[in-house]
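*Asks:*
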Amino acid sequence: MMQLIRGFKDILPDEIHLWQHIELTARKLFENFGFTEIRPPLLEKTDLFKRSIGEDTDIVEKEMYTFADRKGDSVTLRPEATASVVRSYIQHKMYAQDPVRKLYTIGPMFRRERPQKGRYRQFYQINAEVFGIESPLIDAQLIFMLVKLFENLSVSDMATHINSLGCPECRPGFKKALTEYLLPKKESLCENCKNRIDRNPLRVLDCKVPSCREALEAPPEITSYLCRECSLHFDKVQTVLSDHGVSYKVDKQLVRGLDYYTRTTFEIQTTSLGAQSAIAGGGRYDGLVEALGGPPQPAIGFAIGFDRLVEISTLKSEDIATKGIAKRPDVFLVPLGDECTAMAGKWAGELSLAGIRTEIDFSGRSLKSLMKRADRLNARHVLIVGENELNQEAAVLRNMKTREQTEIPFDSLVESIKKQIQHQ
Ligand code: HAM
């Protein structure tokens, strides 16, 4: 039997209602906040991710699905969406008329991590990115929108962690202090971190290897090194979050796993998922548009781990299905005999096009077995057409709840069914 690849999974029809409900809720909310959708491709040049996420990160060093295409060019299945959205913003000169753009994208990402609960090799993210706004008010508004989305989805076990990573002005001072702190501990660190001390010491703070975690008792805190501008920015984010009624925790250890961040970073964490506690993460990346060849433009965004959100959701797919987000058939057509089946097949098309959710059975089985199937599908109505109905040129519509039956003349079938359905 063929099996799927380790770390990959099928999202099955039984689960899909919850996925669709979350997606729909996010789309509606984001669009009300002024976002529009963008759909970049899943495959990009490898260089895009190296230059944006950073060469010394876990993602680029160990986790990307990178391969040479048939011409030998190095391409990569996207491990995240921000780099692609930035590339697109620059490539299509989206900044030209009005640099402010609010974009969202939903889709699969690929990272070759060790699979475990809440961690997959193909996983889905819901991303939101804002370009062209320097003000800390947007940082707070974005976090507010994210928290409200989770609230709308009945996520209760969550905590908002925020930090500031400073800017090219003040980060070097912090890096120096961190390197000095790490050097005496070098021997206790993993091989990757030993190499990272000089090149990118911030990544050591983010390393998940237990020996590295233990070695770091009380590392220097970035917030003590922020320049005046970054400090004011961070203070303002906090004041506005409080004004919005968002509770948050300043988490000085929060460095995030990607190199492009500047200033505000944040994560929404849960205790429901064991080791994989982050259900969303993001931050500012004010230097990335320019670093990838665009004009200097500030930017900020986040990504939600869609799979993790589904896993911790207290909403159940079946409940959503019965609440009508995923609809059961309005009409299940039960034709008896070849002639009726051919005729009903045509009606099924017409009913579907008229906006009525229609299902039909072509099997030619008995009335009894087709009625059983109607029950299994939880159909609201059944339309029966057999020899008698053919003679009288009227089918029988049965309401499956009240058991009430109505005659539906063939010559006004769609209209009559529509009327009956709207009545109930
Ligand atoms: P990230 O923290 O790497 O950030 O990923 C965001 C979220 O994706 C995580 O919090 C987690 O919920 C989910 N996630 C990550 N890896 C996996 C995995 N292997 N399996 C399941 N879920 C996973 C980013 O990707 C940034 N691009 C976020 C961002 C957008 N920053 C600015 N704009």
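What the sequence shown shows, in my numbering, is residues 1 to 424, in sequence order. A virtual CB, placed ideally from N, CA and C, is assigned to each residue, including glycine.
Verify the contact flag: residue 344, CB atom, against every heavy atom of the ligand HAM, threshold strictly below 7 Å.
*Replies:* No.
*Asks:* State the DSSP-derived secondary structure class of residue 187, mapped to helix, strand or coil.
*Replies:* Note: residue 187 maps to helix in three-state DSSP.
*Asks:* DSSP three-state label for residue 1, please.
*Replies:* DSSP places residue 1 in coil when its eight states are reduced to three.
*Asks:* Taking the beta strand (DSSP E) that residue 301 falls in, what are its first and last residues?
*Replies:* Where residue 301 is concerned, the enclosing beta strand (DSSP E) stretches over 299 to 305.
*Asks:* Do you know how far the Cα of residue 373 is from the Cα of residue 325?
*Replies:* Bear in mind that a pLDDT of 47 at residue 325, under 50, signals an unreliable position, so the number given afterwards is only what the model happens to contain. Those two C-alpha atoms are separated by around 22 Å.
*Asks:* Can you name the start and end residues of the beta strand (DSSP E) that residue 13 belongs to?
*Replies:* Where residue 13 is concerned, there is no enclosing beta strand (DSSP E), given that its DSSP letter is neither H nor E.
*Asks:* Whole angstroms is fine: what's the gap from residue 163's alpha carbon to residue 197's?
*Replies:* Approximately 21 Å between the Cα atoms of the pair.
*Asks:* How big is the Cα-Cα spacing for residue 47 and residue 261?
*Replies:* Distance between the alpha carbons of residue 47 and residue 261: 18 Å.
*Asks:* When burial is assigned at 16 or more other CB atoms within 10 Å of the CB, is residue 92 buried or exposed?
*Replies:* Under this definition residue 92 is an exposed residue.
*Asks:* Going by CA-CA distance only, name the one from 62, 45, 81 and 78 that's closest to residue 69.
*Replies:* For residue 69, the nearest C-alpha among the options comes from 45.
*Asks:* Unbroken beta strand (DSSP E) runs of length 3 or more, entirely within the region 139 to 210: which are they?
*Replies:* Listed in chain order, they are 159 to 164.
*Asks:* Can you look up residue 65 in the DSSP assignment and give me helix, strand or coil?
*Replies:* DSSP places residue 65 in strand when its eight states are reduced to three.
*Asks:* If the criterion is Cβ atoms closer than 8 Å, does the pair residue 270 and residue 145 meet it?
*Replies:* No, the Cβ-Cβ distance between residue 270 and residue 145 is not below 8 Å.
*Asks:* Under DSSP, the beta strand (DSSP E) around residue 124 begins and ends at which residues?
*Replies:* Note, residue 124: beta strand (DSSP E), 122 to 131.
*Asks:* Does the separation of the CB atoms of residue 95 and residue 34 fall below 8 Å?
*Replies:* Taking 8 Å as the Cβ cut-off, residue 95 and residue 34 do not qualify as a contacting pair.
*Asks:* Grouping DSSP H, G and I as helix and E and B as strand, with all else coil, what is residue 282?
*Replies:* If DSSP states are grouped into helix, strand and coil, residue 282 belongs with the strands.
*Asks:* Assuming the contact rule is C-beta atoms closer than 8 Å, residue 129 and residue 278 should be a hit. Round their C-beta distance to whole Å, please.
*Replies:* So it is not a contact: roughly 18 Å between Cβ atoms.
*Asks:* Of the choices 17, 89, 191 and 23, whose alpha-carbon is the least far from that of residue 208?
*Replies:* If we check each option's Cα against that of residue 208, 191 comes out closest.
*Asks:* Straight-line CA distance for residue 214 to residue 13?
*Replies:* Computed Cα separation, rounded: 44 Å.
*Asks:* Return the CA-CA distance between residue 80 and residue 361, expressed in angstroms with no decimal places.
*Replies:* Going by the C-alpha atoms only, they are around 44 Å apart.
*Asks:* With a floor of 3 residues, list each beta strand (DSSP E) that falls wholly inside the region 376 to 406, ordered by position along the chain.
*Replies:* Within the region 376 to 406, the complete beta strand (DSSP E) runs of at least 3 residues are 381 to 385 and 394 to 399.
*Asks:* Could you name the residues of the same chain whose beta carbon sits closer than 6 Å to that of residue 212, not counting the 5 residues immediately before and after it, in chain order?
*Replies:* So the list reads 189, 190 and 193, once near-sequence residues are dropped.
*Asks:* So what does DSSP say about residue 225, is it helix, strand or coil?
*Replies:* Helix, per DSSP.
*Asks:* Using alpha carbons as the reference points, say which of 249, 221 and 284 lies closest to residue 268.
*Replies:* The candidate whose alpha carbon is nearest that of residue 268 is 249.
*Asks:* Could you name the residues of the same chain whose beta carbon sits closer than 7 Å to that of residue 57, not counting the 5 residues immediately before and after it, in chain order?
*Replies:* Counting only Cβ-Cβ distances below 7 Å, and skipping sequence neighbours, we find 203, 257, 258 and 259.
*Asks:* Helix, strand or coil for residue 55? Go by DSSP, reduced to three states.
*Replies:* In this structure, residue 55 counts as coil in the three-state DSSP scheme.
*Asks:* Going by Cα to Cα distance, which pick from 400, 413, 294 and 42 is closest to residue 350?
*Replies:* Per the Cα distances, 413.
*Asks:* Answer yes or no: the CB of residue 307 versus the heavy atoms of the ligand HAM, is any distance below 7 Å?
*Replies:* Yes, the Cβ of residue 307 comes within 7 Å of a heavy atom of the ligand HAM.
*Asks:* Would DSSP call residue 412 helix, strand or coil?
*Replies:* Helix, per DSSP.
*Asks:* Do residue 312 and the ligand HAM come close, with the Cβ less than 7 Å from some heavy atom?
*Replies:* Residue 312: no, Cβ never under 7 Å from the ligand HAM.
*Asks:* Pick out the complete beta strand (DSSP E) segments inside the region 76 to 123, 3 residues or longer, and give them in chain order.
*Replies:* You should have 101 to 110.
*Asks:* Whole angstroms is fine: what's the gap from residue 281's alpha carbon to residue 407's?
*Replies:* Approximately 58 Å, taken between the alpha carbons.
*Asks:* Which residues does DSSP list as the beta-bridge partners of residue 334?
*Replies:* Partner(s): 384.
*Asks:* Between residue 334 and the rest of its own chain, which residues show a CB-CB distance below 6 Å, the 5 nearest in sequence each way excluded?
*Replies:* Once the five neighbours on either side are set aside, the close Cβ partners of residue 334 are 370, 382 and 384.
*Asks:* Which partner residues of residue 269 appear in the DSSP bridge assignment?
*Replies:* Looking at the DSSP assignment, residue 269 forms a beta bridge with 159 and 278.
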